[in-house]
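Everything on this sheet refers to the single structure shown next.
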Amino acid sequence: MTDTLALQQQVVALFAEKLNLDVASAETDLIETGLLDSLALVELLAQLEESFDVSISTDDLELENFRSITSIATFVVQRAAVGIEV
Amino acid sequence: MKILGISGLDGSVPFKQKHWPGLDEREYRISQGHDSAAALVIDGEVIAAAAEERFNRRKHSGAFPIGAINYCLAEAGVTIDEIDELAHGFDYSPYQKFYSLDPISAQFYREVLSKEALLALARRDLHGFSAERAHRVNHHLAHAASAYFTSGWDECLVVVIDGMGEAHCVTVFHGHDGKLERIHQLPAQDSIGILYSLVTLHLGFDFNADEYKIMGLAPYGDAERFRSFFNETVELRADGKIRIPILRLNQTRDERENHLRTRRHLAEHLVKERRPEEEVTDTHRDVAASLQACLDRTMEHLCGHFAHKLGLRRLAMAGGVALNCTANGKLLRSGIFDDIYIQPAAGDDGAALGAALYRAAQAGEVVNRRSPVPFYGPAYSMAEIDNALEQFADRVEIMRFGSLEDTCVEAARLIAAGRVIAWYRGRMEFGPRALGHRSILADPGHPKMRDRINAMVKMREAFRPFAPAVTLEEVHRWFEVEPRTELPYMIMIVNVREEHRASLPAITHVDGSARVQTVSTADNAEFHTLLREVGKVTGREMVLNTSFNVKGQPIVNTPREALETFLGTGIEYLFLENTLARRLDR
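Protein chains in written order, with the working numbering: chain H, 59 to 144; chain E, 15 to 600.
Written out as structure tokens, the structure is:
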């Protein structure tokens with residue numbers, strides 16, 4: 059739990075600093091609000107991979123994981139726990 | 015293997031017209047998949063290549079390149095059934111889920127970007143073509159292959175820089191051992207190419223079409239005036255990255271589609287939007303100058319970083335931004351590289367060639383040799399030319415010469431006498447430049463020549479200079495380069511020697527620069543013969559070489575188009591191979 063919250067802060071920072079996206083809250087629906095479009099999502103994945111040393115294949119991409127900052131943080135924690143994919 | 019490469023995204027512009035019906039006409043060019051083309055590579059050799067616009071006569075057309083495909087097949091004497099692979103220079107398949115984020119994007123993916131969309135076009139236009147023969151090549155990989163596999167170098171830095179491919183604006187590769195190893199890529203949101211295009215649009219010109227006009231306008235302006243705006247706008251990071259935050263201002267689907275907030279930012283912080291019919295002022299010239307200087311800096315930063323990181327002193331480039339000859343010339347003179355090669359069809363037409371070469375390389379068939387002057391398009395027989403001449407018999411009188419030499423003697427005489435001649439022979443060029451087969455030629459030393467050609471032929475913006483073609487033997491005499499410096503593709507800016515600038519007014523830009531084409535017996539024999547003859551009469555083995563077309567028209571393809579275009583302008587003489595057509599209404 060603590061892992062996810064800490065990561066959440068980092069993801070908020072990543073959105074603000076790396077993607078230039080101002081997100082109102084950790085629960086804001088990124089897809090409905092249009093904050094996350096195709097290009098932003100491509101870049102988000104690249105940034106997540108770089109910042110958190112995880113590997114995210116486009117094949118098993120589930121959009122629901124990117125619905126909000128909370129869900130992104132949860133997703134990254136799970137990914138990191140699983141380990142780096144080859 | 016027989017591999018047919020293609021580029022372009024048919025349906026891209028119609029989709030935008032349907033879903034965003036109320037836009038300004040110029041805004042529809044803010045879309046992907048223009049400049050479609052076809053290229054045929056057989057057993058690793060380039061047999062034919064041509065842009066579709068030359069066949070359907072719509073400049074920058076992104077339509078499925080059936081005209082170009084049919085030409086390529088005819089040139090090789092093969093049918094579509096004998097083609098082993100169709101290779102498309104776009105591959106959006108990794109991005110399907112990304113496009114499902116909103117319904118319009120999802121529809122766009124289905125109708126324009128998907129493999130199914132490609133196959134539907136193949137079924138429509140290439141009867142009997144089977145799906146398993148269709149392959150897709152990542153856009154930047156196609157551009158990279160077009161440069162690396164025609165560089166003649168086993169090892170070099172390969173930089174692809176364009177508006178954007180599927181999702182990126184820059185990709186850096188290390189080309190070695192016949193492979194392209196991807197080193198780095200930058201996301202489309204930090205695209206210097208898109209920024210340049212948006213400023214082009216904002217200044218009243220056409221997005222993804224007129225950037226070279228802004229490049230031509232730049233030397234008239236003061237680059238210092240808006241330097242701080244561009245320094246802030248384009249951040250050059252220590253790790254070779256580029257950041258352009260204003261490209262991320264757009265939040266809604268509509269804003270992103272047309273970069274609305276970015277353009278509003280330009281209006282508020284740079285310069286008011288210029289409508290096409292408005293006058294071009296000093297402010298616009300200064301913006302162009304500052305923008306160009308920003309691009310020059312950015313290219314140097316990006317290419318320099320990776321050159322040093324990888325210890326490479328050879329650079330091969332492709333992608334639409336590599337058509338910016340000014341930045342290319344600055345990069346060459348920076349000393350970062352010993353040599354720079356830019357694939358002459360650096361724009362999306364070249365992605366067709368790259369897609370085919372990439373697949374050929376995968377099959378182990380490519381022989382990496384420096385690209386010849388790209389005369390890859392159709393030539394027409396004397397029978398076809400005579401047939402066209404007959405149709406205009408009441409408007410022209412004909413003189414036939416027995417040899418190339420005799421033709422060149424007459425052409426040189428006319429050029430030296432201050433006449434403008436259209437010069438049509440051999441296979442049509444692939445890529446945007448006319449290099450001596452579909453050209454309009456004149457004496458570069460004639461003081462009024464630039465205005466004459468602008469008025470007579472092209473109705474171009476007055477500020478745009480023309481470009482010189484010169485023999486390899488004489489290039490160092492007139493231009494600030496080492497003897498026998500080879501620049502055969504007209505894609506690099508050099509400086510005219512100071513002592514000659516005043517005597518070469520038609521091709522010397524206001525800052526003393528010129529976009530030179532060197533011509534040798536080895537790479538462009540017939541044109542070289544002409545230049546030698548011109549030299550005997552004028553004392554300079556040089557001509558002004560501009561493309562054979564009028565404003566807004568693609569370069570002429572067939573003899574009939576040559577005659578029609580010729581007669582629709584004020585040009586007096588048209589050479590079709592060794593036949594001279596003179597207009598009767600002189």
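Every residue gets a Cβ at the ideal spot worked out from N, C-alpha and C, and that includes glycine.
In this text, all values refer to a predicted model and were calculated from it rather than measured experimentally.
Assigned exposure category for residue i - 16 Cβ within 10 Å defines buried
| i | result |
| --- | --- |
| Leu171 of chain E | buried |
| Glu404 of chain E | exposed |
| Asn401 of chain E | exposed |
| Ser603 of chain E | Absent from the structure is residue 603 of chain E, since the part of chain E shown begins at 15 and ends at 600. |
| Lys227 of chain E | buried |
| Arg596 of chain E | exposed |
| Gln95 of chain H | The residue asked about is misnamed: residue 95 of chain H is Asp in this sequence, not Gln. Burial call: buried. |
| Pro497 of chain E | exposed |
| Arg72 of chain E | exposed |
| Ala591 of chain E | It is worth fixing the name first, because residue 591 of chain E is Glu in this sequence and not Ala. Per the 10 Å Cβ criterion, buried. |
| Val144 of chain H | Model confidence at Val144 of chain H stands at a pLDDT of 43, short of 50, so the residue's coordinates are unreliable; what they give is reported in the following sentence. Under this definition Val144 of chain H is an exposed residue. |
| Leu37 of chain E | exposed |
| Thr164 of chain E | buried |
| Asp117 of chain H | exposed |
| Gly91 of chain E | exposed |
| Gly566 of chain E | exposed |
| Pro290 of chain E | exposed |
| Leu337 of chain E | buried |
| Val381 of chain E | exposed |
C-alpha distance - residue i paired with residue j, whole-angstrom precision
| i | j | result |
| --- | --- | --- |
| Gly349 of chain E | Glu314 of chain E | 10 Å |
| Glu379 of chain E | Asn563 of chain E | 37 Å |
| Asn509 of chain E | Val489 of chain E | 11 Å |
| Gly76 of chain E | Ala82 of chain E | 12 Å |
| His523 of chain E | Asn559 of chain E | 14 Å |
| Ile127 of chain H | Val134 of chain H | 10 Å |
| Leu87 of chain E | Leu367 of chain E | 14 Å |
| Thr93 of chain E | Gly445 of chain E | 25 Å |
| Ala456 of chain E | Glu555 of chain E | 12 Å |
| Leu14 of chain E | His190 of chain E | Look at the range of chain E in this structure, 15 to 600, and you will see that residue 14 of chain E is not part of it. |
| Val82 of chain H | Asp310 of chain E | The displayed chain sequence assigns Ala, not Val, to residue 82 of chain H. Rounded to the nearest angstrom, the two C-alpha atoms are 38 Å apart. |
| Glu575 of chain E | Ala365 of chain E | 26 Å |
| Thr276 of chain E | Arg270 of chain E | 9 Å |
| Gly584 of chain E | Leu598 of chain E | 12 Å |
| Phe6 of chain E | Phe541 of chain E | A question about residue 6 of chain E goes unanswered here, because the residues of chain E that appear run from 15 up to 600. |
| Pro28 of chain E | Glu39 of chain E | 12 Å |
| Tyr123 of chain E | Ile44 of chain E | 17 Å |
| Arg147 of chain E | Ala370 of chain E | 13 Å |
| Asn468 of chain E | Leu231 of chain E | 16 Å |
| Leu611 of chain E | Val551 of chain E | As shown, chain E starts at 15 and ends at 600. That puts residue 611 of chain E outside it, with no answer to give. |
| Glu99 of chain E | Glu180 of chain E | 22 Å |
| Arg634 of chain E | Glu443 of chain E | Outside the modelled stretch of chain E, which goes from 15 to 600, sits residue 634 of chain E, for which no answer is possible. |
| Gly440 of chain E | Ile454 of chain E | 15 Å |
| Ala7 of chain E | Ala332 of chain E | The structure shown does not extend to residue 7 of chain E, since chain E spans only 15 to 600, so no value can be given for it. |
| Glu75 of chain H | Tyr234 of chain E | 38 Å |
Interface residues of chain H facing residue i [CB-CB closer than 7 Å]
| i | result |
| --- | --- |
| Ser119 of chain E | Ser96 |
| Pro108 of chain E | Thr116 |
| Gln567 of chain E | By Cβ distance, chain H contributes nothing, its closest Cβ being about 34 Å from Gln567 of chain E, past 7 Å. |
| Thr266 of chain E | Gly92 |
| Arg270 of chain E | Asp95 |
Beta-carbon neighbours of residue i, restricted to chain H and to distances below 8 Å
| i | result |
| --- | --- |
| Leu115 of chain E | Ile89, Leu94, Asp95, Ser96, Leu99 and Leu121 |
| Pro259 of chain E | Asn78 |
| Phe243 of chain E | The premise fails here: Phe243 of chain E is roughly 18 Å from chain H at the closest Cβ pair, so nothing lies under 8 Å. |
| Lys111 of chain E | Thr116, Leu119 and Leu121 |
Within chain E, partners of residue i - CB distance below 8 Å
| i | result |
| --- | --- |
| Ala104 of chain H | Pro201 |
Interface flag, residue i vs chain B, CB-CB below 7 Å
| i | result |
| --- | --- |
| Ala131 of chain E | Any reference to chain B falls outside this structure, whose protein chains are H and E. |
Closer than 9 Å at the beta carbon, the chain H residues around residue i
| i | result |
| --- | --- |
| Arg262 of chain E | Leu77, Asn78, Leu79 and Ala98 |
Near-chain H residues of the segment 159-193 of chain E (beta-carbon distance less than 9 Å), N- to C-terminal order: Met178, Glu180, Ala181 and His182
Interface residues of the segment 423-452 of chain E facing chain H [CB-CB below 7 Å]: none
Minimum length 4: unbroken alpha helix (DSSP H) runs contained in the segment 227-258 of chain E: 241-247
Whole runs of the alpha helix (DSSP H) within the segment 274-318 of chain E, excluding any shorter than 4 residues: 274-283
Completely contained beta strand (DSSP E) runs for the segment 44-129 of chain E, where each covers 3 or more residues: 51-56, 59-65 and 99-102
Any alpha helix (DSSP H) of 4 or more consecutive residues that is wholly inside the segment 341-381 of chain E: 363-376
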